[in-house]
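Residue numbers (this note's numbering), protein chains in the order written: chain A, 1 to 252; chain B, 1 to 260.
Every residue, glycine too, gets a C-beta built ideally from N, C-alpha and C.
Shown next as C-alpha cells:
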C-alpha cells in the first residue's frame, strides 16, 4: 500500500531582503510504500526539509498533490495528523518542563489521557532509556538525550508514518549508532513507515531501502543504494552524493 | 468532544507548569498590579477623594491588573511555543487552536481571580475601597475575563501573521484597551474618535455597569447586553481569524520560521 504519494510539488519562498523568489521545490514527486524506510538525500539547500515539511502537513505547497494513506491532504488533514509524527534534529521543547511532563503534554495533544497516557509515557521512557532523566528539565538535558526525547515524543501516538529530519545531526558516533539501531527496530517490529532526511551517506545507506536524491528542489535520482551506485558508476554513497551534486549544479 | 477536552486540558497543564516554574510569571502577577493599586490608592488619599470617587478609580486599577494577567496567559500559550522554538511540534498534532486558547484561558482565569482577590483585599484594607455588591461584581468579572480572552486571541492573530516582532502586543494590548474603555474616567470625556472606539470595546460597558453599582449614572443603559453581544461577535470573529492566520502561516512558512 502506498503511504505517501506526492506529485509535482512546488514551493517558492521570497527572500526577506531582496524579495527575489527562492524555488525550494520545483516539481518533486515521491511515492513511499508501507513499511519502507525512505531516505531523502541532498546537499544543503536542496529542499529536503521543505519536502519533509510539506509531506508532514506543516507547510502547504504552492502546487502539486499530496496523498497520505490514500487521502488527499487538502480534504482531511486533521484526521491524518493523528496518524503521523515527526522528530527533527536539534530538537526543541518547552525549556522548563521535565521529560515526563513534555511527553504527557504532547501525549494529550494526541488524545491520550489517564492510565493510557501514563502507560505510554512510561513505556517510551523505558524504550528510549530516559528513566534517569524523567524529572530533569529540558534545558538541563544533553543533545543526545534531547534527541532521544524527540524520538519518544514522535512515537507517542504510535504513528503509522514517521518523519525524521536529520535524526542524528550533531550527535556523538555512539549515540548515532544507537539511534539508527532504534529506527531500524521500530520499522521492523512495529511496521512504521519512515521517511528521513540526512546528510550522512552511511546513515542513508544503512537505513534506507530507497533513496531520493534532491538537488535545487528537483529529484535527480531515485532508487536503492545499489541502484544509485550503479546509475552513476560510483563505488560508495559518498561518490554518489558528489557526482549527483556536481551534476545538479551544472544542470541548475 | 472528549478529545477536545483532553486537548484543552493539555494546554492548561502546560500553562500551569510555566506559571509555577518561571519567576517572571509570579512577579508580573503580584508586582505590577500591586504597584498600580498602591499608586492609585495613595493618589486618592492625597486628593482626599470621597468614597464613591475612590471606588471609581480603584475599579479601574483592579480591572487593569486582572485583565493584564488573564490575557497574558492566553497570549503566552503561543509565545511559550515560540520562545521554546517548538511551534512546529504543537501544530503537527491534531489539536486545534481553539483548545489551545481555551486551555490557556482557564489558567488565565485562575491567575486573574487570585490577582483580583489580592488587589480587592489590599484596596479595601489600605484605602477603604468599598466592596461592590456580589451580582454586579460577578457580571463585571465575567466581562473582564472574556475581554482577556479576546485580547489574547488578538495576540495570537498578530503573532501568526507578523511573527515574533508582534510579541510586544502581549504586554501592550491591555493598556490600550484600558485607556480606551475608561480606566480612571468616564468614557464620555474621551475625544470623539476615541469615544467611538471605546463603544466597540465590551469592557467599556462592564466598567460602566460596575460603577453604576457605586451610584454613578449609567452611560449606557443597555450596556451589559451590548457588552455581551460584542463579546460573542468578537469571539466568533477571533477564532475565525486565528484559523485563517494558521492556514496562512502554513502557506507562507511562517509556522516553521517561528520554530527556528
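Your pair residue 134 (chain A) and residue 97 (chain A) does not check out as a contact, with CB atoms roughly 12 Å apart and the cut at 8 Å. Within chain A, no residue has its beta carbon less than 9 Å from that of residue 212 (chain B); the closest one is some 43 Å off.
Judged by their CB atoms, residue 151 (chain B) and residue 173 (chain B) are nearer to each other than the 7 Å cut-off. For residue 87 (chain A), the enclosing beta strand (DSSP E) covers residues 84-88.
For residue 92 (chain B), the closest alpha carbon among the candidates A:217, A:18, A:161 and A:169 is that of A:161. With three or more CB-CB distances shorter than 8 Å, the region 179-190 of chain A counts as touching the region 151-170 of chain A. Around the C-beta of residue 105 (chain B), 16 or more other C-beta atoms lie within 10 Å, and the residue is accordingly described as buried.
About 7 Å separates the CB atoms of residue 47 (chain A) and residue 28 (chain A); that is less than 8 Å, so the two are in contact. Following the DSSP letters along the chain, one finds residue 29 (chain A) in no alpha helix (DSSP H) but inside the beta strand (DSSP E) bounded by residues 21-33. Residue 5 (chain A): member of the beta strand (DSSP E) spanning 2-14, first to last residue.
Beta-bridge partners of residue 194 (chain A) (DSSP): A:37 and A:162. Taken in chain order, the members of the region 49-71 of chain A whose beta-carbon sits within less than 7 Å of a beta-carbon on chain B are 53, 56, 58, 59 and 60. By the Cβ criterion, the region 43-55 of chain B is in contact with the region 122-134 of chain B, since at least three pairs of Cβ atoms, one from each stretch, lie closer than 8 Å. With distances taken between CA atoms, residue 45 (chain A) lies nearest to A:218 out of A:157, A:218, A:35 and A:206. Only residues of its own chain outside the window of five on either side were considered, and among them 7 have a CB closer than 6 Å to the CB of residue 65 (chain A), listed in chain order. Using a Cβ-Cβ cut-off of 7 Å, residue 86 (chain B) counts as an interface residue toward chain A, since at least one Cβ of chain A sits closer than that to its own. Per DSSP, the unbroken alpha helix (DSSP H) holding residue 2 (chain B) starts and ends at 2-21. Straight-line measurement puts the Cα of residue 159 (chain A) at about 26 Å from the Cα of residue 10 (chain A). In the structure shown, residue 17 (chain A) falls within a coil segment according to DSSP collapsed to helix, strand and coil.
Nothing from the region 193-221 of chain B brings a Cβ to less than 9 Å from some Cβ of chain A. In chain order, 9, 10, 11, 25 and 54 place their CB closer than 8 Å to the CB of residue 61 (chain A), counting only its own chain and leaving out the 5 sequence neighbours on each side. In summary, residue 90 (chain B) is buried, with 16 or more beta-carbon neighbours lying within 10 Å of its beta-carbon over all protein chains present.
For the pair residue 178 (chain B) and residue 72 (chain A), the Cα-to-Cα distance works out to about 47 Å. By the CB criterion at 7 Å, residue 40 (chain A) and residue 187 (chain A) fall outside the cutoff.
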